[in-house]
Structures are given as C-alpha cells and as structure tokens.
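If you read the sequence shown in the numbering used here, its first letter stands for residue 118, the second for the next number, and so on. A quick write-up on the structure given underneath.
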Amino acid sequence: MTLVLRFAAGSHKGLIREGNEDSGYAGPRLLAVADGMGGAAAGEVASSEVLGSIVRLDEDVPGADLLTLLGDAVQGANDRLRQMVEEDPQLEGMGCTLTAMLWTGQRMGLVHVGDSRAYLLRDGALVQITQDHTWVQRLVDEGRITPEEAETHPQRSLLMRALDGRGQVEPDLSIREVRAGDRYLICSDGLSGPVSHQTLQDTLGSYYSPEQTVQELIQLALRGGGPDNITCIVADVLDVGATDTLSGQFNDVPVVVGAVAETPPSSAAADRSIRDTPAGRAAGLGRGPQGAFGPAEGYGHADGQGGFGPAAGYDPGYPEGHGAGEPAVYGTEDYDDEPRPRRKKNRALTFSLVGLVTVGLLGAGGFFGYQWTQSQYYVGAEGDHVAVYQGVNQSLAGVNLSSVHTPYKDIELKYLPQDQRTHVTNTISASSLGDADDKVKKLGEQVAFCKKVDAARNTAANPTTPPATTPAVQPAGGTQATHAGFVTATTVPSPSATGRAPAAGVPTPTPSTGTPGTSAPATAAPSQSAAAPAAPQGDLPGLSDEERQRADSCPKP
C-alpha cells in the first residue's frame, strides 16, 4: 500500500478586512495555516515569516523525530519574529497563530498554537483535532460557559497563546496515524467562525476533489458575512498503486496562498531555506505554483491577477470556462473589478479610516471585556492566608486581571488540610461575591477546628507532671475525657480580644479519693502513672467519629 496526499488550498481576505493577514502552504509533506494578528503592527508579515521559517520541513522524507522537528521549527520561527522586532520596533505587537501537519507517508505530526483549527473527516464523521488556545475555550473547559455561549462570547477572539517573538512558545504537539480515505481540513477562524461544524462536515463529505471543496468552503464563509480573512487547506489520503500514472502528480507541486504569496518572507535566509526544498524548487514559493494541484479551473480572476473566485460553472454570472487549465496563485483575492492602481491611490486614506475604526472597536472591546472580568470572583491564597479576589486569574500583556478584594488574615493556610490548601493555592472559582464569601466561611470553620485540634495535641504531648508526693489527679467524671471537656480544653480566645495566641487549657484536678492523712504507698506509683499517661500526639479522646476524621485531616506539627 502506497499512501499519498492530494491537496488544495485557498485564501480570501473576506468582505470586511482591507488586506489579508492569513498565510497558507500546502506541499507534499507539509500543510500549514498561519493567521496573522496585529493589524497595523504587520500581522501579514508575521504569518509570512513564520511559514517561511517552517517550510524547510517540506522535504522528501523527514529525517528525524516528527515532534522534535516541529517543535524546533516553531521555536525557530518565534525567534525570527523576536529578531525582526528588535531590528524594527514598529513591528512590536505583531504575531500569528500556526496549525501545521507534517506527513511521513504513514503518520501525521501535528503542531498547533492559537485558534486556527485542524479537522479530520473519517467514515463520514468530522472531528476537531486541535483545541483553541483562547480565553473562551478555557471558560468552556472550566465549565463556566457552554460551547454554544462561547460561539457568541464578546471575547471569543482573545488568544492565550500565539507566536509573537516573546519568550518560549508552548505548542500542542501530537502524532496521528492515518488511513486511506481520511480527509484533513486546516483553516483559520475566518472559516470556522461563520460556518458551523455540521455544515463543514456536510461540505467536506459532499465534494470529491479538494479543489472543489476549498472553493465551496470559502463561498460558505463569504455567505456567512466574511467577517475575517478566510484560509483553508483540504488534503486527502489516497492509496495509489505502483502502476498509477497519476500518483507522481499527487505529491510534487506545493500551493502557496494568502499573505505569503503576495509578500514572500523578507529574510534572505528564509528565502534560501524555501528555495532549497524540493517543493520550493518545484514551485518557487511566492512566485506562483504550477501543476495539477494548483487552483481548479475558474479560480483565475478576470483581471488576470490570479484572484480567488468560483469554479467554472459554479456562479452563473462568472465567465464560462474562464481560466480553464491556467493555474493561478491563490491569495491575491479581489472580487471587485476595481483596478489595482486606483486602489493604491486611496490606500493611505483607507488605512487611516480603517485604523480609526479598528482602534475604536478594540478600545470598546477591551473596555467591556475588562468590565466583565471585574464581575468575576474567586478564592485564592495571598501569602500565608486566604483571600477573595476580584477579576480572573489571568494576565494579559503582562497586566494582571485580578486583585485582592477581601483578605482573611485569620484564616491561615497552615491550618488547612493538605487537599483544601492545594485547592486554595490553585484558586477556587465562585459564581458571585456571595458565593466566594460562603466558601471562605467554610474554610474559616475548618481552620478554627484545626486550631483547636492543634491545641489539644500540644496539651496531650506535653502534660504537666505532678510532684512525686502529690496524689494522683484525674479529670472530673472518671478516667476518660468527655467531648465537652475536649471543647472546653481547646477553646481559643479571639485574637482581637487578647492580642496574642491563647494558652492551651489544663484540666482542673480533683482530690484523690484515698484516706485522708495517709500517704500513697510506693507501690502505687505505677498505677498513678497509668491513670494519667502522656498521650501520644494525635490521641484525642472523647470526639465523635466524624470529628475524629476531621481531626485526622488537620495538619500535624
């Protein structure tokens, strides 16, 4: 059995964005989508540079461990972004997501950072095989909101991880076994946002060729409003025989789409790494792919600039058979008929207006997002004691999104059982301020109980030893302490009333029942000693079973 990939890729700027900050690459071994972020801070530069850094992985046969190759390549791409920002501070703030798959012929290595997605269609069922690194996905994972609420949450685009040149990147890495008949989809959120999971599944299962499927997916995103750049790659795993004359065409020609096709990576090193790969030499990345697996017929735009459009016959208003047999570069997507020179004349004004609108939207989104975080509360640790925090236990761009609302310095962590102490340290979520106060109240009751237990243990471990000539002393009521006696002996005065830690209580001695005027014989010493032994640590007589279990969970000195 010989497995090969048949792939197609497409990209469109959408109906709202001025430019395309997405980049996509589909080659015989590597499939990758990067969604740029940063707006004026050059998101298209970030996505183009990241793909330029990792495209060297598109070799004939990967020569090392898949996950090691992917992890090193992603870190190298992140280092490249950091170097670019150091050289040009105006690029500060740029970044991108990355979802990429590396193919060996039998297995797929997957690397993922951000909110672009990878899906697998197998036996008619579509499964998302990546997890979004977003704030709302974390809320879903913690059970705070439902997946349906996440789809319309105002902060659904707030990323928790991305490639931005800052520190060490933490990608998700995994290995997947492949089967003949598998169909993979990698896309930016410009597709997965406006198009539902069910529609993606139906579309991926309805079209035979990857080229037609890509066309239809982008059309669906545009019908859904096209609010963002749209980039997707569809790749089929095919079993071809040695006599199949087309098998050699299935894995030769890469397709480059989006920003990386319009503005190839700027660095000479990245450009050399692209040209030195078999795929790069075959296609000339950023300079137009050639061959059977470029765009399907009809992808070419009427102005000859290689724009993305419907396939021949798909749209009745599209020139029949236009571009048949003439592959074009995806990513220079222009549905309007306005010539490029005219657009360039107005670009400065357009960018200014878009910038003002973008700043306004970001400011409003940030304000309402911050207001929402300040309606959240949780219980956590502040130093050595418990506190209620207002906000969310996260930071954004180095700014903490929470602060101490109410400290409880009398509820010390050292008196909490280990499991409760761990929960507090990891934070305990609360649905409201009242709920947080209720949780703190229960913690306070546990601390008060453990303080009493600690005092009783100290008394039992360090009893007062009477002189040898003093008659034996026993607690009132017999040789066994009562539950009421334990509570009395371990009552702790309020620190606010005394200003210092209370002393442990000592049982009140009662006279011996022996005959007055006679001394206890020497042989009675052992029995006297046995009547009031030094109790071992943790021996707390007179407690109910439930209280004894609670006492056993209290920290021991």
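C-beta atoms are modelled at their ideal positions from N, C-alpha and C, and glycine is treated no differently. These numbers come from a predicted model, not from an experiment.
For Q332, the secondary structure class from DSSP, reduced to helix, strand or coil, is helix.
L237 and V257 have their C-alpha atoms some 22 Å from each other.
According to DSSP, Y525 shares a beta bridge with V503.
Around the beta carbon of P206, fewer than 16 other beta carbons sit within 10 angstroms, so the residue counts as exposed. In the DSSP assignment, no residue is bridged to T316. Proximity to Y325 across H314, D353, G343 peaks at D353, based on C-alpha coordinates. Secondary-structure assignment with DSSP links Q245 through a beta bridge to Y236. Going by DSSP, D536 is part of no beta strand (DSSP E) but of the alpha helix (DSSP H) stretching over 535–542. Counting only residues of its own chain and dropping the five nearest sequence neighbours on each side, L148 has a CB closer than 6 Å to the CB of M218, I303, I350, A352. The beta-carbon separation of S170 and C213, rounded to 11 Å, does not stay under the 8 Å limit for a contact. The region 283–294 makes no contact with the region 328–337; the number of CB pairs closer than 8 Å stays below 3.
Counting only the Cα atoms, A553 lies some 43 Å from E138. C-alpha of S661 to C-alpha of Y532: approximately 21 Å in a straight line. For Q272, the closest alpha carbon among the candidates T523, H522, T490 is that of T490. Between the beta-carbon of G500 and that of N510 there is about 16 Å, and that puts the pair past the 8 Å contact cut. Measuring C-alpha to C-alpha distances from A668 to each of K558, S548, P534 identifies P534 as the nearest. As computed with DSSP, Y301 is found in a beta bridge with L237, A352. In the structure shown, the three-state DSSP call for R134 is coil. Short of 8 Å from the beta carbon of I528, and not among the five residues preceding or following it, lie these beta carbons of its own chain, in chain order: H502, V503, V557, L560, G561, V564. Between P288 and V202, the C-beta spacing is not below 7 Å. Counted as a single uninterrupted DSSP element, the alpha helix (DSSP H) harbouring A267 occupies residues 264–268. DSSP, read as helix, strand or coil, puts V370 in coil. At the C-beta level, G307 and G131 come within 7 Å of one another. Counting only the Cα atoms, Y525 lies some 56 Å from R173. Listed as beta-bridge partners of T216 by DSSP are V150, H229.
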